[in-house]
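Enquirer:
In my numbering, the protein residues as written are 534 to 814.
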């Protein structure tokens, strides 16, 4: 029923996300161990098809396993035959030898997994925490702590991705450079904008342009800049409309094709009859 689907879909989405993440991490580890490359898209497609086929026969969902893969590679495995043999042997254990398998103590299996964890963990990463950039170390520690605390790989990776996005946005916003020059006759001020203008740097952009300076004309040169979102467009609107309200002529030059499309679609300063300064987004 619809109600059943509504309840199960979040769990299915979480299971799929965790499975894909673990498979991609496993593929990356194997690539590093063998100095080879792999097709991550093919891996994800194959896993999806296999899980759908398994569900048809009442099987459980599965994904690539870091422990098994590391053991295979450490034992000298390099081809597809190793994966086939491992899967076939596991199937044999579960179907034909399940009574014998039940005799194996759980403590023994736990010891094996502990050794796999010890061999898989990059111990050098602990020493690099002091030398790596602070944002990178913060992302790694936050991801590990969240995974351990929640026991959910998907949540940990989500936190890591969000933190990486925040740090990246902050870093890019600091790469902006705004310079200005006054014409020989003192009537025109030209601002040259270099870098990315988006929500994190829009404030810096608008604050750097002095609309109170007693000049007749302002030229905003954005040949070396790129506008990414409506916050950047709103900052441009504020600057232009504030300057026009004080009797300055304003000219924006050098918009690239993508930025020009964004400004034409969401900008207000180039629309007829607009005089009010728009609110910040």
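Don't be surprised by glycine CBs; every beta carbon is placed ideally from N, CA and C.
In this text the structure is predicted, and so the values were computed from the model without any measurement.
Do residue 770 and residue 800 have their CB atoms nearer than 8 Å?
Expert: Contact: yes.
Enquirer: If you check the beta carbons only, do residue 563 and residue 602 fall under 8 Å apart?
Expert: Their beta carbons are under 8 Å apart, which means residue 563 touches residue 602 by this criterion.
Enquirer: Taking 8 Å as the cut-off, decide whether the C-beta atoms of residue 720 and residue 751 are in contact.
Expert: Not closer than 8 Å, so no.
Enquirer: Identify whether residue 657 lies in helix, strand or coil by the three-state DSSP scheme.
Expert: Correct three-state label for residue 657: helix.
Enquirer: Evaluate contact between the stretch 725–736 and the stretch 756–775, counting only Cβ atoms and requiring at least three cross-stretch pairs below 8 Å.
Expert: Judged by Cβ distances under 8 Å, the stretch 725–736 makes contact with the stretch 756–775, as three or more pairs qualify.
Enquirer: Assign residue 818 to one of two classes, buried (16 or more other C-beta atoms within 10 Å of its C-beta) or exposed (fewer than that).
Expert: Examination of residue 818 is not possible in this model, given that the chain is present from 534 through 814 alone.
Enquirer: Assign residue 580 to buried or exposed, taking buried as 16 or more other Cβ atoms, counted over all protein chains shown, within 10 Å of its Cβ.
Expert: Buried is the call here.
Enquirer: Please classify residue 535: is it buried, with 16 or more other beta-carbons within 10 angstroms of its beta-carbon, or exposed?
Expert: Its Cβ having fewer than 16 others within 10 Å, residue 535 is exposed.
Enquirer: Find the nearest neighbour of residue 712 within the set 627, 754, 748, 605, judged by alpha-carbon distance.
Expert: Selected option, being the one with the closest Cα: 754.
Enquirer: Taking one C-beta from the stretch 543–559 and one from the stretch 567–586 each time, how about it: are there three or more such pairs within less than 8 Å?
Expert: A contact exists between the stretch 543–559 and the stretch 567–586.
Enquirer: I'd like the list of long-range same chain contacts for residue 636, defined as Cβ closer than 8 Å, with 5 residues on each side in sequence excluded.
Expert: Within the same chain, residue 636 has no close Cβ partners at all.
Enquirer: Just to confirm, is the Cβ distance from residue 779 to residue 748 under 8 Å?
Expert: No; because the gap between Cβ atoms is not below 8 Å, this pair is not in contact.
Enquirer: Quick one: Cα of residue 587 to Cα of residue 611, how far?
Expert: Roughly 26 Å separates the two Cα atoms.
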